Amino acid sequence: MKYDYVIAGAGCAGLSLLYRILCDHQLSNKRILVIDKDEKDKNDRTWCYWEEGKGLFEHVVAHQWPTLRFTNTEFTKECHLQKYRYKMIKGLDFYNYVKAFAKGFSNVQFSKEAIQSLKMEGKLCKIRTKKNSYEADYVFNSTGLFHPEMSEENTLLQHFEGWVIKTDKPQFDSSIGTLMDFSLEQTHGTTFMYVLPTSETEALVEYTLFSPSTLEKEEYSRMLKEYIKDTLNIENYQIKHTEFGIIPMSLAEFAPVVQGHERILNIGTAGGNTKASTGYTFQFVQKYTSQIVEQLLKNEYPAPKLSFNQKKFKWYDRTLLQVLIDKKMDGKSIFSSMFKKIDAEDILSFLANESSPLLDLKIMSSVPTLPFLVSGFKQLR
Ligand SMILES: Cc1cc2nc3c(=O)[nH]c(=O)nc-3n(C[C@H](O)[C@H](O)[C@H](O)COP(=O)(O)OP(=O)(O)OC[C@H]3O[C@@H](n4cnc5c(N)ncnc54)[C@H](O)[C@@H]3O)c2cc1C
Numbered sequence: 201m202k203y204d205y206v207i208a209g210a211g212c213a214g215l216s217l218l219y220r221i222l223c224d225h226q227l228s229n230k231r232i233l234v235i236d237k238d239e240k241d242k243n244d245r246t247w248c249y250w251e252e253g254k255g256l257f258e259h260v261v262a263h264q265w266p267t268l269r270f271t272n273t274e275f276t277k278e279c280h281l282q283k284y285r286y287k288m289i290k291g292l293d294f295y296n297y298v299k300a301f302a303k304g305f306s307n308v309q310f311s312k313e314a315i316q317s318l319k320m321e322g323k324l325c326k327i328r329t330k331k332n333s334y335e336a337d338y339v340f341n342s343t344g345l346f347h348p349e350m351s352e353e354n355t356l357l358q359h360f361e362g363w364v365i366k367t368d369k370p371q372f373d374s375s376i377g378t379l380m381d382f383s384l385e386q387t388h389g390t391t392f393m394y395v396l397p398t399s400e401t402e403a404l405v406e407y408t409l410f411s412p413s414t415l416e417k418e419e420y421s422r423m424l425k426e427y428i429k430d431t432l433n434i435e436n437y438q439i440k441h442t443e444f445g446i447i448p449m450s451l452a453e454f455a456p457v458v459q460g461h462e463r464i465l466n467i468g469t470a471g472g473n474t475k476a477s478t479g480y481t482f483q484f485v486q487k488y489t490s491q492i493v494e495q496l497l498k499n500e501y502p503a504p505k506l507s508f509n510q511k512k513f514k515w516y517d518r519t520l521l522q523v524l525i526d527k528k529m530d531g532k533s534i535f536s537s538m539f540k541k542i543d544a545e546d547i548l549s550f551l552a553n554e555s556s557p558l559l560d561l562k563i564m565s566s567v568p569t570l571p572f573l574v575s576g577f578k579q580l581r
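This is how it looks when you write it as structure tokens:
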């Protein structure tokens, strides 16, 4: 069976791209096959991100925060956002929303199977699963089939366990999201808590670390219990939902195009859309998939090239990660230094690759220069 596009992987990137294609009347009649090994019927993750105004997936935003808090043992800063809103989307709401929308298109098919290989033969892409084989003009791949090799030398893991807790009496201010609480022991590496309340009695509390390896399962639970009791001062609560995740924060090159197979294009984490120094991916997937659609509409090769500005931000990003990997400075000191001197909204703008050169300089001068210079040069080589 031959398709215009095969979308390999129906997670954040695959379904974002599908939705954007179907929203455009010039592309919405393309024959599309979406393949995923999973049903995508579980709330397997929660995405938080920030953007200006209303985004394409506003319908499924579960909550948004106009104020963000940063805290450590020495100071607490709150920032009332002007331009951005910090938003949360539940994975299952997103999957259901896009799949329900796609049901209205008879030219779109879904198949639940594991892809075994993706390659080009002549001008066509060949997709092979255990039972079937398909052909397509283009494959947009977000599976891990082409992930680069990662090691302790070039990669940190962002690993976390999050609990959605429900308290028996009002405990939270749902207008304030704690982006980072660094008042924790930093024994294993960069360690902080997110506290994202969605009502007076409900919040996502997430114990997050950047380090070379994960911890024993019980350690995440122990730290969450301790934090909820001792820092949030909450005794009685129910755990409504748990999630565990590992996001690679890597200097390895996630290639946007599969080498030697120029019509197999990687998207999402596989395509380098994960910001190496923070793990944030959702907003970069949105920008990337929207660029892909623009190029498809212009009948241009749909692998967006990095602009000069994007290359600059990639270099900043890799420099920050190199500092963390080489332990030239720890994450707590870097982020504390930044948040102490700079407005959180400006930091968000920098981390979203949307800051001006002047702001970039201001942010760079908020952290000690030497470790960043050394790592910056290392990244230029
Ligand atoms: C628990 C968790 C929480 C996160 N929270 C945030 C957050 O708050 N903000 C943020 O910006 N980022 C977050 N991330 C990081 C990132 O946004 C997500 O990992 C995001 O889902 C990446 O999108 P993706 O499309 O690249 O990969 P995925 O969403 O993982 O999609 C890949 C898909 O490919 C499928 N697949 C894999 N192999 C095969 C195969 N061989 N055959 C067929 N299908 C296959 C998988 O089943 C999956 O559905 C989080 C990650 C996790 C794990």
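In this note's numbering, the protein residues as written are 201 to 581. Glycine is no exception: its CB is placed at the ideal position from the N, C-alpha and C atoms. Values in this document were obtained by computation on a predicted structure and should not be read as measured data.
Original post:
By how many angstroms is the C-alpha of ALA314 removed from the C-alpha of ASP373?
Top reply: By one-based count along the sequence shown, residue 373 stands at place 173. By one-based count along the sequence shown, residue 314 stands at place 114. Approximately 43 Å between the Cα atoms of the pair.
Original post:
Around the C-beta of ILE534, are 16 or more other C-beta atoms found within 10 angstroms, so that it is buried, or is it exposed?
Top reply: Counted from its first residue, the sequence shown places residue 534 at position 334. ILE534 should be labelled buried.
Original post:
So is the beta-carbon of THR355 under 7 Å away from any non-hydrogen atom of ligand 1?
Top reply: As a working note, residue 355 is residue 155 in the sequence shown. Checking the Cβ of THR355 against ligand 1 gives no.
Original post:
Do ILE467 and ASN473 have their CB atoms nearer than 8 Å?
Top reply: Indexing the sequence shown from 1 puts residue 467 at position 267. Indexing the sequence shown from 1 puts residue 473 at position 273. Yes, the pair counts as a contact, with Cβ atoms nearer than the cut-off.
Subject >> Secondary structure, beta strand (DSSP E): runs of 3+ residues fully inside the region 247–323 >> reply: 261–265, 267–271, 276–280, 284–290, 308–312 and 315–321
Subject >> Any non-hydrogen atom of ligand 1 closer than 7 Å to GLY472 Cβ >> reply: Along the sequence shown, one-based indexing puts residue 472 at 272. No, the Cβ of GLY472 stays beyond 7 Å of every heavy atom of ligand 1.
Subject >> Proximity below 8 Å, CB of ALA544 to CB of CYS248 >> reply: Numbered from 1 along the sequence shown, position 344 holds the residue referred to as residue 544. Numbered from 1 along the sequence shown, position 48 holds the residue referred to as residue 248. Going by C-beta atoms, ALA544 is not nearer than 8 Å to CYS248.
Original post:
If you measure from the CB of CYS279, is any heavy atom of ligand 1 nearer than 7 Å?
Top reply: Position 79 of the sequence shown, counting from 1, holds the residue named residue 279. Checking the Cβ of CYS279 against ligand 1 gives no.
Original post:
Among SER311, GLY344, TYR338 and PHE340, which one has its Cα closest to the Cα of LYS331?
Top reply: Position 131 of the sequence shown, counted from the start, is the residue given in the question as residue 331. Checked all of SER311, GLY344, TYR338 and PHE340; the closest Cα to LYS331 is SER311.
Original post:
Taking 7 Å as the cut-off, does the CB of ALA210 come closer than this to any heavy atom belonging to ligand 3?
Top reply: This structure does not include ligand 3; its bound ligands are ligand 1.
**OP:** List the endpoints of the continuous alpha helix (DSSP H) containing ALA210.
**Re:** Stepping through the sequence shown from its first residue, residue 210 is reached at position 10. First-last for ALA210: undefined, no H or E at that position.
Subject >> Alpha carbon of ASP517 to alpha carbon of ALA470, nearest angstrom >> reply: For this step, residue 517 is matched to residue 317 along the sequence shown. For this step, residue 470 is matched to residue 270 along the sequence shown. Straight-line Cα distance between these residues: approximately 17 Å.
**OP:** State yes or no: is the C-beta of CYS223 nearer than 7 Å to some heavy atom of ligand 1?
**Re:** As a working note, residue 223 is residue 23 in the sequence shown. False, no ligand heavy atom lies under 7 Å from that Cβ.
Subject >> Short Cβ contact (8 Å threshold) for VAL298 with VAL206 >> reply: Residue mapping note: residue 298 aligns to position 98 of the sequence shown, counting from 1. Residue mapping note: residue 206 aligns to position 6 of the sequence shown, counting from 1. No, the Cβ-Cβ distance between VAL298 and VAL206 is not below 8 Å.
Original post:
Can you name, in chain order, every residue of its own chain whose Cβ lies under 6 Å from the Cβ of VAL458, other than the five neighbours on each side?
Top reply: To locate residue 458, count along the sequence shown from 1; it is residue 258. Here the set comprises PHE346 and ILE464.
Original post:
Going by the C-beta, is SER490 closer than 7 Å to any heavy atom of ligand 1?
Top reply: The count along the sequence shown starts at 1 and reaches residue 490 at position 290. False, no ligand heavy atom lies under 7 Å from that Cβ.
Subject >> Where VAL339 falls: helix, strand or coil (DSSP) >> reply: The sequence position of residue 339 within the sequence shown is 139, counting from 1. Note: VAL339 maps to strand in three-state DSSP.
Original post:
Got a sec, what are the start and stop residues for the alpha helix (DSSP H) ALA517 sits in?
Top reply: Numbered from 1 along the sequence shown, position 317 holds the residue referred to as residue 517. Note on residue identity: the sequence assigns Asp, not Ala, to residue 517. Start and end: 508–525.
**OP:** Taking only runs that begin and end inside the region 415–473, name each unbroken beta strand (DSSP E) of 3 or more residues, in chain order.
**Re:** 437–450 and 461–466
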